[in-house]
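A.B. asks:
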Amino acid sequence: MLVDTVHRYAEKQLRATYRQAEEDAATPARVIRIGWELGLLPASIDAEYGGFGEYSALTSALYLEELGWGDVGISLHLLAPNLFAMPLLLFGDNDQKSAWLPRCTEADFPNVSAALVEPVYQFDPNGLATTAERDDDGYTIQGTKTYVPLAQDAQVFLVFAQERNRTQAFIVPADTPGVQVAERVMMMGARALPLFTVHFRGVRVPAANRLGGARGIRMNRLLTASRISASALAVGQARAAYEYALQYAKERVAFGEPIAHRQSIAFMLANMAIEIEAVRLQVWEAAWRYDEREDASKLAALAKKAADAMVLAVTDDAVQVLGGHGYIREHPVELWFRNGRGFAAWDGLIIG
Amino acid sequence: MAIEFRTPDEIEKQLRQVQVVAENVMRPESRQLDDNEHSRPVNFVHMMWPQMRDMERANLEASLRRSSRGDDEERPTKDQPTKDQPKKPRTGNLALVHMIEMLSWGDAGVYLCIPSSGLGGAAIQAVGTPEQKERFLRRFTEGEPKWGAMAMTEPQAGSDTSNIQTTASFDEATNEWILNGQKIFCTGGKLAYAESDGVIVVWATIDKSAGRAGMKPFVVEAGTPGLEIVKVEEKLGIRASDTVSFVLDNCRVPADNLLGDSVVAQDARGESVTEAKQGGGNKGFKGAMRTFDATRPIVAASAIGIGRAAFEFTRDALAKQGVRMDYESPRWKLTTAQADLLDMEIQLRQAWLLTLKATTLLDTGESNKLMASMCKVKAGKAVTVVTQKAVELLGPLGYSTQTLAEKWMRDAKINDIYEGTGQINTLIVAREILGYSRTELK
Chain F
41 MLVDTVHRYA EKQLRATYRQ AEEDAATPAR VIRIGWELGL LPASIDAEYG GFGEYSALTS
101 ALYLEELGWG DVGISLHLLA PNLFAMPLLL FGDNDQKSAW LPRCTEADFP NVSAALVEPV
161 YQFDPNGLAT TAERDDDGYT IQGTKTYVPL AQDAQVFLVF AQERNRTQAF IVPADTPGVQ
221 VAERVMMMGA RALPLFTVHF RGVRVPAANR LGGARGIRMN RLLTASRISA SALAVGQARA
281 AYEYALQYAK ERVAFGEPIA HRQSIAFMLA NMAIEIEAVR LQVWEAAWRY DEREDASKLA
341 ALAKKAADAM VLAVTDDAVQ VLGGHGYIRE HPVELWFRNG RGFAAWDGLI IG
Chain Y
4 MAIEFRTPDE IEKQLRQVQV VAENVMRPES RQLDDNEHSR PVNFVHMMWP QMRDMERANL
64 EASLRRSSRG DDEERPTKDQ PTKDQPKKPR TGNLALVHMI EMLSWGDAGV YLCIPSSGLG
124 GAAIQAVGTP EQKERFLRRF TEGEPKWGAM AMTEPQAGSD TSNIQTTASF DEATNEWILN
184 GQKIFCTGGK LAYAESDGVI VVWATIDKSA GRAGMKPFVV EAGTPGLEIV KVEEKLGIRA
244 SDTVSFVLDN CRVPADNLLG DSVVAQDARG ESVTEAKQGG GNKGFKGAMR TFDATRPIVA
304 ASAIGIGRAA FEFTRDALAK QGVRMDYESP RWKLTTAQAD LLDMEIQLRQ AWLLTLKATT
364 LLDTGESNKL MASMCKVKAG KAVTVVTQKA VELLGPLGYS TQTLAEKWMR DAKINDIYEG
424 TGQINTLIVA REILGYSRTE LK
């Protein structure tokens with residue numbers, strides 16, 4: 041069973057290396073290699089393009105929870121190629137899929153990435169500052185992106201830009217003139233994932249590089265898939281924090297008995313459990329609706345908003361249950377709390 | 004566990020019928036029945052009785068069939084959604100929560116007057132013998148409208164149900180139990196005892212020294228001498244529904260009216276054991292708790308119905324003012340009202356999904372104690388907040404009696420209180436997840 045396999049990977053690989061990865065701000069190559077061998081992305085890609093399966097939001101939600109439970113930072117690294125491959129799968133025309141998807145199903149971790157987020161205070165994936173202007177023989181892309189994963193090694197980017205008031209995506213090889221991978225960006229959490237600022241200065245691409253050809257993309261459909269994935273990962277992160285706090289509360293003795301014997305602690309744990317389960321069911325419902333090829337955008341948006349709030353509250357409470365110890369980096373909860381805040385800032389940055 | 008997110012067609016069809024009743028029978032009388040506390044919603048009762056009668060019959064027959072096959076066993080849990088459903092899953096409770104959600108969307112107080120075996124019936128279903136089910140539940144499948152009620156709470160025993168003082172002593176000469184004591188907060192007690200040929204399930208102790216193990220449910224049939232209704236409460240909300248106090252003064256019921264058996268379980272030291280250690284033979288306190296596993300999702304569903312009414316009304320009223328639901332924009336782009344509306348919808352959706360899961364587990368015969376309390380906690384809290392927010396967002400008109408928003412806020416509150424307060428259910432969730440007994444986590 042795929043989910044069990046992913047859980048074992050999360051337990052044996054992610055849980056064993058997450059702290060070092062966080063402190064080093066780098067993911068061990070071996071962990072990524074083993075993770076890539078699970079074949080999660082190829083399992084979502086049709087045989088026609090070198091994969092061996094079909095995308096299911098529900099299946100993906102189930103294993104993303106396990107990955108989020110293992111470690112969010114390393115998982116984001118492992119999932120980075122999806123940010124390129126999944127939009128291609130969803131919107132790409134035949135030529136685009138044939139050209140690019142096979143390299144996302146090879147034995148080695150693919151060096152592909154996507155550039156969506158911008159260095160602003162108020163970000164809206166439907167109101168980008170990066171622009172794409174059409175002329176006779178192609179597009180000119182202009183703008184600065186941040187949170188671009190693994191940009192230093194990327195051979196190709198999927199760049200999101202505003203084209204006449206709509207968000208569209210463009211396939212941009214990394215060696216195109218005007219593409220400049222700049223400084224590494226550090227976040228509060230999930231530091232195992234290398235992120236970069238990337239400048240696109242008058243970058244020219246042929247018209248054929250517009251994802252989906254003349255039809256283009258529907259950003260909200262992509263965001264729907266992304267929101268389901270991100271919420272599933274958030275459920276996993278929250279579950280990790282909850283389980284850790286619960287175990288700690290049963291073992292930590294104060295005033296002569298385990299602190300979990302007190303309602304003030306026990307009720308925090310109970311509410312964590314309820315909120316996690318509630319969001320998990322929202323994720324499953326949205327994923328099910330998505331797989332039924334019905335409009336899941338509303339359910340996914342509600343799930344994501346709920347997940348953003350829930351994962352922060354739960355990881356915060358986990359730190360609180362551990363008290364002073366929760367603030368010390370010997371325990372994982374401070375990292376999970378930092379990760380917890382990230383989800384609200386990662387709209388469109390996770391897709392499973 | 005397999006959770007089915009698509010409402011089965013059969014249930015969907017029933018729901019459309021119930022919606023017609025909710026819109027055309029309940030809503031038009033909502034305000035008037037709230038203003039005239041305890042006046043009986045005659046139209047509603049007569050409209051619903053044939054349907055309830057059929058449902059009661061189906062439940063009774065199914066329950067009798069199960070008893071004769073003896074398959075009340077729990078089944079293994081598999082906590083994941085699957086696409087492959089078992090051929091024909093049982094959906095009786097699922098249909099019920101859907102219906103109750105819709106009826107409560109119509110009017111929660113009126114819904115509580117629905118002629119059915121209700122909480123009393125749930126207790127009889129949970130722990131009664133086939134003969135007892137036949138004797139006490141058959142009446143709900145025929146004749147005039149009838150009601151069932153349950154009486155647990157006493158003046159000095161609310162959430163601490165094990166502290167009840169009502170006694171039952173056995174009179175061997177007449178083969179009868181003699182009940183003495185006082186009960187309060189009995190929902191629908193007047194309808195069950197005085198206004199129909201119904202039943203009240205009364206909890207009493209047959210051995211005070213035994214604590215929980217001594218607590219047993221007794222069926223008191225309508226009109227039984229020795230039971231006197233002494234008060235009909237005036238309440239914050241759900242005013243169409245009666246909530247009564249009654250006194251039991253040497254109220255005699257036949258020996259067979261004790262549900263389950265009269266064994267007071269004891270451990271090796273001669274002390275009464277807790278419900279957790281009781282075997283299947285003792286269905287006293289544990290029986291009451293099992294009843295809650297079935298009724299808590301129902302209360303949650305009722306809560307959600309009120310919440311949905313308030314949410315939809317607010318959403319539609321504000322839409323006319325140009326406040327549109329915006330699911331796509333990032334949070335910073337939303338107005339406060341837009342963000343509030345989304346939060347309301349999230350809370351209701353979460354509560355509903357938890358309720359569906361608790362109910363599905365119940366239907367498939369898996370343990371749902373944790374989920375039943377989870378959905379009750381979530382729903383009670385959610386609708387309390389959602390209805391309060393509705394009144395706020397709707398401004399002066401929302402707070403006035405010109406709309407139903409203020410009534411919904413009053414009606415909603417009871418759901419965070421009865422069938423275990425939010426706090427009691429949180430305590431149950433906490434004990435379940437921690438694996439603690441009630442002595443470890445008080």
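Protein chains in written order, with our numbering: chain F, 41 to 392; chain Y, 4 to 445. Every residue, glycine too, gets a C-beta built ideally from N, C-alpha and C. Since this is a predicted model, take the numbers as computed values, not measurements.
#1: Less than 8 Å between CB atoms is the rule here; does Y:Ile427 satisfy it with respect to chain F?
#2: Going by DSSP, what residue range makes up the alpha helix (DSSP H) through Y:Lys392?
#3: Since I believe F:Trp376 is in contact with F:Ala281 (beta carbons under 8 Å), could you give me their beta-carbon distance rounded to a whole number of angstroms?
#4: Can you give me the C-alpha to C-alpha distance between Y:Glu15 and Y:Arg334, rounded to a whole angstrom?
#5: What residue from F:Leu168, F:Gly363 and F:Leu190 has the CA that sits closest to F:Ala120's CA?
#6: Find the residues of chain F that neighbour Y:Glu331, judging by a C-beta separation of less than 8 Å, and give them in chain order.
#7: Between Y:Val250 and Y:Gln185, how many whole angstroms is the CB-CB distance? I'm expecting something under 8 Å.
#8: Using C-beta distances below 6 Å, list every residue in its chain close to Y:Tyr196, excluding the 5 sequence neighbours before and after it, in chain order.
#9: Counting only C-beta atoms, is F:Phe163 closer than 8 Å to chain Y at any point?
#10: Per DSSP, Y:Trp206 is paired with what?
#11: So does the segment 164-173 of chain F actually touch the segment 201-208 of chain F, counting three or more Cβ pairs closer than 8 Å?
#12: Grouping DSSP H, G and I as helix and E and B as strand, with all else coil, what is F:Met226?
#13: Determine the contact status of Y:Glu59 and Y:Thr144, defining contact as a CB-CB distance below 8 Å.
#14: Let me see if you follow: with CB-CB separation under 8 Å, is Y:Met347 close to chain F or not?
#15: Output needed in chain order: residues of the segment 347-381 of chain Y with a Cβ under 7 Å from some Cβ in chain F.
#16: Please state whether DSSP places F:Pro213 in a helix, a strand or coil.
#17: Taking 6 Å as the limit between beta carbons, can you name the residues of its chain near F:Asn379, skipping five residues before and five after?
#18: Between Y:Ala446 and chain F, is any beta-carbon pair separated by less than 8 Å?
#19: Should Y:Ile436 be flagged as near chain F, meaning a C-beta pair shorter than 8 Å?
#20: Can you pull the chain F residues whose beta carbon is under 7 Å from the beta carbon of Y:Lys336, in chain order?
#21: For the candidate residues F:Leu286, F:Val199, F:Arg333 and F:Trp328, whose alpha-carbon lies nearest to that of F:Tyr187?
#22: Run through the segment 154-205 of chain F for me and flag every whole alpha helix (DSSP H) of 4 or more residues, listed as ranges in chain order.
#23: Given this structure, state the Cα-to-Cα distance separating Y:Arg318 from Y:Ile417, to the nearest angstrom.
#24: Could you pull the start and end residues of the alpha helix (DSSP H) that Y:Asp2 belongs to?
#25: Are Y:Ala154 and Y:Cys116 close, meaning C-beta to C-beta below 8 Å?
#26: On a CA-only basis, which of Y:Thr164, Y:Arg43 and Y:Phe314 is nearest Y:Glu409? Give me that one, please.
#27: To which residues of the same chain is Y:Met50 closer than 7 Å at the C-beta, ignoring the five residues directly before and after it?
#28: I need the straight-line Cα distance from Y:Ala312 to Y:Glu179, nearest angstrom please.
#29: Per the DSSP calculation, Y:Cys254 is bridged to which residue(s)?
#30: Verify the CB distance criterion: does Y:Leu194 have a CB-CB separation below 8 Å to chain F?
#31: Just to confirm the assignment, what range does the beta strand (DSSP E) spanning F:Thr237 have?
#32: Using a beta-carbon distance below 8 Å, is F:Val46 in contact with chain Y?
#33: Does the beta-carbon of Y:Ser244 have 16 or more other beta-carbons within 10 angstroms, so that it is buried, or is it exposed?
#34: Leaving out the 5 sequence neighbours to the left and right, which residues in its chain are closer than 8 Å to F:Phe149 when beta-carbon positions are compared?
#35: Would you check if the distance between the CB atom of F:Val351 and the CB atom of F:Ala294 is smaller than 8 Å?
#36: Using only CA atoms, which one of Y:Arg138, Y:Leu230, Y:Glu435 and Y:Thr156 lies nearest to Y:Asn183?
C.D. replies: So, from the data block:
#1: no
#2: Lys372 to Leu396
#3: Rounded, the Cβ-Cβ distance is 5 Å, consistent with contact.
#4: 34 Å
#5: From the listed residues F:Leu168, F:Gly363 and F:Leu190, the smallest Cα separation to F:Ala120 is found for F:Leu190.
#6: Those are Asn166, Asn260, Leu263, Ser337 and Ala341, listed as they occur along chain F.
#7: 5 Å
#8: Ile203 and Ala225
#9: yes
#10: Y:Pro220
#11: yes
#12: coil
#13: yes
#14: no
#15: Residues of the segment 347-381 of chain Y whose Cβ lies closer than 7 Å to any Cβ of chain F, in chain order: Glu348, Ile349, Arg352, Gln353, Leu356, Leu357, Lys360, Met377, Val380 and Lys381.
#16: strand
#17: Val112, Gly229, Ala230 and Gln277
#18: Given a span of 4 to 445 for chain Y in the structure shown, any question on residue 446 of chain Y remains unanswerable.
#19: yes
#20: Asp164
#21: Ranking F:Leu286, F:Val199, F:Arg333 and F:Trp328 by CA distance to the CA of F:Tyr187 puts F:Val199 first.
#22: none
#23: So the two alpha carbons sit approximately 23 Å from each other.
#24: Because residue 2 of chain Y is not part of the residues shown, which for chain Y are 4 to 445, the question remains open.
#25: no
#26: Minimum Cα-Cα distance from Y:Glu409 among the listed residues Y:Thr164, Y:Arg43 and Y:Phe314 corresponds to Y:Phe314.
#27: Val24 and Val28
#28: Each residue's Cα considered, the two are about 48 Å apart.
#29: Y:Leu182
#30: no
#31: Leu235 to Val245
#32: no
#33: buried
#34: Once the five neighbours on either side are set aside, the close Cβ partners of F:Phe149 are Ile72, Arg73, Trp76 and Pro121.
#35: F:Ala294 sits away from F:Val351, with the two beta carbons spaced by 8 Å or more.
#36: Y:Leu230
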